[in-house]
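Okay, so here's the structure we're looking at.
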Amino acid sequence: MHIPDGFLDVKTAVGAGVVAAAGVGWALRQARRQLPAQKVPLLGVAAAFIFAAQMLNFPVAGGTSGHLIGAVLAAVLLGPAAAVVVMTAVLVVQCFLFQDGGVSALGANIFNMAVLAPVIGCGIYRLARPVGRIAAAAFAGWCSTVVAAISCAGQLALSGTVAWGVAFPAMTGVHMLIGIGEGLITALVLAAVWKARPELLNQPAAPAGGLAVAGLVVALGLALFVAPFACSWPDGLEKVAEHLGFDAKAAKTPLLASPVPDYELPGIGSPVVATALAGVLGTVVVFGLSLLLARSLAANKES
Amino acid sequence: MHHDFLDRYSRLDTPLHRAAAGVKLVGALAIVGLTVAAPLAAVAYFVAVLIGLLAAARWARIPWRYLGWRLLWLEPFVLGVAFLTLFQPGGHRVFAGIMIKSTLCLLTMVLLANTTPFAELLRVLRQLRVPALLVTTLALLYRYLFVLVDEAERMHRARVCRTFDRRRAAVWRNLGTVIGQLFVRSTERAERIYAAMLARGWK
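The listed protein sequences correspond, in order, to chains A and B.
Following the numbering used here, the numbering of the first sequence begins with 1 at its first residue and continues without gaps.
Following the numbering used here, the numbering of the second sequence begins with 1001 at its first residue and continues without gaps.
This is how it looks when you write it as structure tokens:
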């Protein structure tokens, strides 16, 4: 999901950079206020830990392998603000030392994987925690991956690199699968930490105000990225329609005068509706899987 | 993991290596910014940048072989995303543009990493008033990155040696345990580091 240089145009790169800087600035202030002095080195070592964890591959299917992103893992272990700082540091080093992810896209990458993923993931984790910590973490891990992928698709579409109608289903579809691995490993790691050192997971709950601010930052960021689609959306779809040969059909009926016939045309409204439906269905299925996983892990612990 | 695999040539002694880190950082960012913003028709510009970068690499005595291998190693990640552009009308033009631009930017960043030690970049960040908490985190990340990757590999190898179960579920569970243990060890290491920092007068 690391966007290389050359994929984002100037306005998207700068816009994402500004939003990311605001998010990281908020996290730094928050972390400085909440973190006791003896925890400052923990941020750096935890960043190195996330880095090392990302290098351990796990088998997926057919000889391919995936690896952890770790945004939710960091958020659950350290809290959302510290997780944002840690993930930002990881992405900066990946960009400058590994050349993984471009410098011009650094803002966008930080926004997707270091701000959006841990903050949304942590919010979902806290909302779903009554169901059980492990299940909540697995579900949050999956959601954070998918949300970051959607935002990435949005940035690519906004830059005019990949049409929204192509980028959204492709990125979301792939990452709905990758997210399962992310959720599973997040849950397994948390279960292991829980077994070895349960006191590491018992942090004092953050004040409610912090989460509200976080929500606001996310809503703002999303609004900035999603709002332009109100106008660029039909454009992307038209391109797909043209590609698939539907434009000739659509041209016969005026687009804006009567929207109803358009909805009956296959291919115009249905890819988006179908993707949205698939998304809802996938979310429900993953939530169920998370519950099952948590139950099996809990059963293991007792035996 | 050999820690010099990423910036093997960053500690050579050539005029380019001796140049101020801030100048090199700004220069690299300027090249990347201009390349990203340039229209596709500006072929002369792209050729000029390529020649300039290759000349700089020669000047800094970075072997072609190494540059080639680094690019070959990085290109698949670019192709993975670039491949999406082919699914739209006129996509091949976008694809070509992206490949040219991203390859030039990759070359720029590989050169920056191999002429400027990371610690010097951090010093520039501090001068630019980047918050101290972030710079400290970056410095510690760079310092302990290779230590923890080695530790993770040792734990993983030890686990593989003792585990004969090759079923996927077992592999996943073991990986979860290894990563969980790695986190526990990381927090313990962070406590020792804090004590050591205090002993050396850190505030």
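We put the CB at the ideal spot given by N, CA and C, even for glycine.
Query, Result
"Where B:Pro-1007 falls, given that 16 or more other Cβ within 10 Å makes a residue buried", "Sequence check: residue 1007 of chain B is Asp here, not Pro. When all chains shown are included, B:Asp-1007 counts as buried."
"Contact between the segment 1149–1163 of chain B and the segment 1050–1058 of chain B (3+ Cβ pairs under 8 Å)", "no"
"Length of the line joining the Cα atoms of A:Val-103 and B:Ala-1028", "10 Å"
"Range covered by the alpha helix (DSSP H) that runs through B:Val-1023", "1021–1037"
"Under 8 Å from the C-beta of B:Ile-1062: neighbouring residues of chain A", "Residues of chain A passing the Cβ test: none, with the nearest at roughly 14 Å."
"CB contact check: A:Ile-3 to chain B, cutoff 8 Å", "yes"
"C-beta contact flag for A:Thr-186 and A:Ala-128 at 8 Å", "no"
"Below-8 Å beta-carbon distance, B:Thr-1115 vs any chain A residue", "no"
"Contacts of B:Arg-1168 in chain A (Cβ-Cβ under 7 Å)", "Pro-59"
"Chain B contact for A:Ile-185 (CB, 8 Å cutoff)", "yes"
"Supposed close pair B:Ile-989, B:Ala-1082 - CB separation, criterion 8 Å", "No answer is possible for residue 989 of chain B: it lies beyond the span of chain B, which begins at 1001 and ends at 1203."
"Extent of the continuous alpha helix (DSSP H) run through A:Ala-137", "133–158"
"Min CB distance B:Gln-1127 to chain A below 8 Å", "no"
"Other residues of its chain near B:Ala-1195: CB distance less than 7 Å, five sequence neighbours each side excluded", "none"
"Boundaries of the alpha helix (DSSP H) in which A:Pro-41 is found, first to last residue", "40–55"
"8 Å Cβ cutoff, B:Pro-1131 in contact with chain A", "yes"
"Integer Cβ distance of B:Val-973 from B:Ile-1031, believed to fall under 8 Å", "Residue 973 of chain B lies beyond the stretch modelled for chain B, which goes from 1001 to 1203, so this question has no answer here."
"Beta-carbon proximity list for A:Asn-304, same chain, < 7 Å, skipping 5 on both sides", "Residue 304 of chain A lies beyond the range of chain A shown here (1 to 303); nothing can be said about it."
"Inter-residue Cα distance where the pair is A:Gly-179 and A:Gly-66", "10 Å"
"Rounded C-alpha distance that separates A:Leu-158 from B:Ala-1019", "38 Å"
"Where A:Phe-58 falls: helix, strand or coil (DSSP)", "strand"
"Given B:Glu-1120 as reference, the closest of B:Leu-1111, B:Leu-1025 and B:Pro-1015 once Cα atoms are compared", "B:Leu-1025"
"Residue closest to A:Asp-5, alpha-carbon to alpha-carbon, out of B:Tyr-1009, B:Ala-1037 and B:Thr-1014", "B:Ala-1037"
"Neighbour flag for A:Phe-111 against chain B, beta carbons, 8 Å", "no"
"Helix, strand or coil at B:Gly-1176 [DSSP, three-state]", "helix"
"Bounding residues of the alpha helix (DSSP H) (the contiguous stretch that carries B:Val-1149)", "1132–1162"
"Integer-rounded CB distance, given that B:Ala-1190 should sit under 8 Å from A:Val-45", "4 Å"
"CB contact below 8 Å: B:Tyr-1194 versus chain A", "yes"
"Proximity winner among B:Val-1023, B:Thr-1177, B:Thr-1136 and B:Cys-1161, relative to A:Leu-28 (alpha-carbon distances)", "B:Thr-1136"
"C-beta atoms of A:Ala-114 and A:Gln-155 nearer than 8 Å", "no"
"8 Å Cβ shell around A:Lys-174 - same chain, five flanking residues per side excluded", "According to the sequence displayed, residue 174 of chain A carries Val and not Lys. Excluding sequence neighbours, A:Val-174 sits near Ala-149."
"Rounded separation between A:Pro-36 and B:Gln-1088 - CA only", "52 Å"
"Where A:Gly-66 falls: helix, strand or coil (DSSP)", "strand"
"When B:Ser-1010, B:Ala-1139 and B:Val-1094 are compared against A:Lys-160, the one with the closest alpha-carbon", "Lys is not the amino acid found at residue 160 of chain A; the sequence shown has Gly there. Closest by alpha carbon: B:Val-1094."
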